[in-house]
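For the sequence shown, this note's numbering gives the first residue as 12, with consecutive numbering after it. Worksheet for the structure shown next.
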Amino acid sequence: MRMLNLGILAHVDAGKTSLTERLLFEGGAIARMGAVDEGSTQTDAMDLERRRGITIRSAVATFTSGDHEIHLIDTPGHADFIAEVERALGVLDGAILVLSAIEGVQAQTRLLMRTLKAMGLPTLLFVNKIDRPGARYESLMADIERWLSPSAISMRDPQRAAEILAEHNDDVLKTYLYETESLDADTLREELAAQISAALVHPVFFGSAVTGAGIDALLQGITDFLPTAQGDDTAPLDGTVFAIEQDKQAVARIFSGSVTARDIVTYSRRTSTGTIVESAKVTAVHPGHVGAGGIARLTGLRGIKVGDRLGSSSTRPEPPRFRPPTLETVVTSQNPGDLYTALSELAEQDPLINVRRDPRHHTITVSLYGEVQQEVLAARLSEEYGVDAAFSPPRIICVERPVGVGSAVEFMGQSPYPATVGLRVEPSATGNQFVLEAERGSLPRAFLTAIEETVAATLREGLHGWQVTDCSVVLTHTGYDSPVTVAADFRIQTREVLTTALRNARTAVCEPIDRLTLEIPAPALSSVLTALTTSGALPDPPTLTGETYTLTALIPTAHLRAFEWQLPALTGGTALLTTHFHTHRPR
């Protein structure tokens with residue numbers, strides 16, 4: 012059978028999980044449709060997801076349609092879990108972006124569509140809830156064409172299809188202009204499939220996940236228009252882990268090669284200090300042997316994490332990133348050891364939680380996108396690990412950057428440790444770097460590793476409690492006394508020397524800055540500009556199109572949420588706002 016890895020994405024409450032349930036039912040994968048309100052859906056497997064009625068983690072389910080085996084990947088809709096969406100995007104062959112016929116195009120919808128287009132991922136649009144009072148068609152199509160894709164083609168009214176297809180194909184244009192009678196239905200459908208696969212046009216289907224209206228047409232569009240998985244089973248293994256399930260199974264997309272039980276698999280990840288490569292034997296594979304294009308659940312790969320690449324020669328590019336978490340909170344518990352263990356396991360499923368233990372202040376810190384994610388994290392700690400945790404009020408995540416050049420050195424005989432370490436710190440334009448200026452052969456590998464690992468750990472803590480970025484650390488002096496010196500001497504010495512070098516260089520605390528794009532009605536311009544200025548934003552000159560102003564501005568991330576809360580009242584609820592991380596600047 013032909014194989015297709017299909018993602019379903021949406022703004023929260025657009026009906027994404029209900030559509031997933033409907034497709035599984037129509038494809039014969041489940042005998043009865045579940046309901047989000049009843050907590051009985053197939054892909055929301057966690058008790059917490061069922062109770063809250065939201066998707067927290069990406070889930071994979073399989074159904075068949077015609078000669079297609081479709082792996083359906085249901086992703087979260089809430090912005091607090093955007094990292095789950097990001098991980099899923101890199102393993103898809105195509106996507107369905109779900110909109111509500113009532114709420115229409117929302118900010119998260121625009122963000123998702125912009126990312127799908129940047130990736131060149133073939134995408135169908137599905138307008139859900141057409142059975143509800145207030146459902147729109149013509150005005151919603153106008154919004155879709157304006158905000159999501161000017162090459163959107165309504166499958167309710169395919170008369171415009173030839174005109175839109177002609178914009179991307181000169182042969183079709185000639186036929187459209189001079190030989191209209193030659194544009195028969197089969198020709199149009201063939202060209203439509205080609206341009207959808209190339210992500211040039213986006214068909215729009217209308218229906219209802221609850222009643223089943225329009226689902227047959229959507230299923231036909233999935234199998235007719237979206238490209239199927241390609242790959243060579245005989246090539247070297249190349250795959251990506253995009254989820255870790257509660258039973259420690261790694262869920263991976265296999266791009267080439269194959270994997271089966273008892274295979275020795277190499278997996279790697281990039282870190283701030285280099286690439287970590289590990290190998291282990293796969294003890295179990297579900298569903299058995301998995302070849303190119305498939306989704307495999309792998310057991311036995313100890314220490315594997317979300318984002319790890321399978322295979323020793325993977326060259327696939329990283330997918331576009333959404334913004335990283337901008338908040339962090341200190342987590343406390345009466346059992347800090349159990350808390351750290353539990354958070355570390357949860358971080359295997361979501362690395363962007365970024366669990367950090369500060370030995371100086373005996374605190375544990377995690378990164379967050381928002382309050383809903385914090386509530387979910389607290390509930391999971393309690394229910395899955397029996398750990399009752401308290402969270403401090405979230406604060407904006409800043410970074411530190413070196414201001415100048417600073418150096419320090421500690422020699423054997425002048426310090427309590429039988430080790431010599433000298434380090435120089437200076438600004439870097441290419442992220443953090445560890446550079447060897449001292450002679451490499453003068454130091455055993457274990458000692459050099461101890462220095463390098465301690466440099467990375469010390470930079471994560473910074474002088475003011477923030478991670479140091481854009482910093483080059485140069486190892487200038489080394490020395491040891493064999494057999495007295497041990498790696499621990501270098502770890503202690505390196506921390507002290509690097510801290511001194513950072514103090515000599517000085518670091519500036521830099522806050523995150525967002526770039527926002529805002530569409531507002533013309534009468535609201537003055538009040539919105541005032542609110543932006545009050546929030547510390549630097550707006551660019553607005554542009555007027557019809558009766559709508561488009562504004563772009565740089566705004567401190569710390570003030571963004573308060574501005575968002577004001578916006579509905581200032582614009583009568585008609586504003587469309589998108590934001591993305593722009594830079595860090597000294598505060």
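We put the beta carbon where it would ideally sit given N, CA and C, even for glycine.
For Lys259, the secondary structure class from DSSP, reduced to helix, strand or coil, is coil. Residue pairing by DSSP places Ala254 opposite Val262 in a beta bridge.
Gly417 is positioned such that its CB atom lies closer than 7 Å to that of Ala516.
The residue from Gly115, Ser267, Arg412 with its alpha-carbon nearest to that of Trp158 is Gly115.
Straight-line measurement puts the Cα of Leu354 at about 14 Å from the Cα of Gln345.
Exclusion of the five residues before and after Arg147 leaves Ala112, Ile113, Gly115 as the residues of its chain whose Cβ lies within less than 8 Å of its Cβ. Under DSSP, Ser279 shares a beta bridge with Val288, Arg320. The straight-line gap separating the alpha-carbon atoms of Ser393 and Ala228 is approximately 44 Å. Considering only Val479, Met166, Tyr491, Tyr428, the residue with the shortest C-alpha distance to Arg456 is Tyr491. When the beta-carbon positions are compared, Val252 and Asp361 stay at least 7 Å from each other.
Residues of the same chain with a CB within less than 7 Å of the CB of Glu448, apart from the 5 flanking positions on each side, are Val485, Leu486, Thr487 in chain order.
Looking at the DSSP output, Gln206 shares a beta bridge with no other residue. In this structure the region 544-563 does not lie against the region 491-504, because fewer than three pairs of beta carbons, one per stretch, are closer than 8 Å. According to the DSSP assignment, Tyr351 belongs to the alpha helix (DSSP H) that extends over 347-360.
In the three-state DSSP reduction, Gln444 falls in the strand class (E or B). Residue pairing by DSSP places Ala21 opposite Val109 in a beta bridge. Just measuring C-alpha positions, the residue of Leu35, Asp104, Glu97 sitting nearest Phe74 is Leu35.
Taking C-beta atoms as the reference points, Ser208 and Pro133 count as a pair closer than 7 Å. Contact holds between the region 252-272 and the region 296-313, because three or more Cβ pairs, one in each stretch, are under 8 Å apart.
Under the Cβ criterion (8 Å, minimum of three pairs), the region 127-142 counts as touching the region 218-228. Take the alpha-carbon of Ala172 and the one of Gly105: they are about 20 Å apart. Bridge partners of Arg435 according to DSSP: Ser418, Val485. Here the C-alpha atom of Pro87 lies approximately 27 Å from the C-alpha atom of Ala153. Between Val410 and Glu421, the C-beta gap is not smaller than 7 Å, which leaves the two residues out of contact.
Rounded to whole angstroms, the gap between the alpha carbons of Gly39 and Ser290 is 38 Å.
Taking a 10 Å sphere around the C-beta of Ala210, we find 16 or more other C-beta atoms and assign the residue as buried.
Inside the region 507-573, DSSP marks whole alpha helix (DSSP H) runs of 4 or more residues at positions 536-545, from first to last along the chain.
Ile226 is classed as buried because its beta carbon has at least 16 other beta carbons within 10 Å across all chains shown. Contact between Ile107 and Leu127 fails: their C-beta atoms lie close to 10 Å from each other, not under 8 Å. Counting other Cβ atoms within 10 Å of its Cβ, Lys185 stays below 16 and is therefore classed as exposed.
Residue pairing by DSSP puts Pro214 in a beta bridge opposite Ile164. When DSSP states are grouped into helix, strand and coil, Tyr396 belongs to the helix group. When the Cα atoms are used, Gly101 and Arg514 turn out to be separated by approximately 41 Å. The alpha helix (DSSP H) runs of length 4 or more contained entirely in the region 113-150 are, from start to end of the chain, 118-130. If you compare the alpha carbons of His475, Ser453, Pro532 with that of Ser493, the shortest gap goes to Ser453. Rounded to the nearest whole angstrom, the CA to CA distance from Val276 to Met423 is 44 Å.
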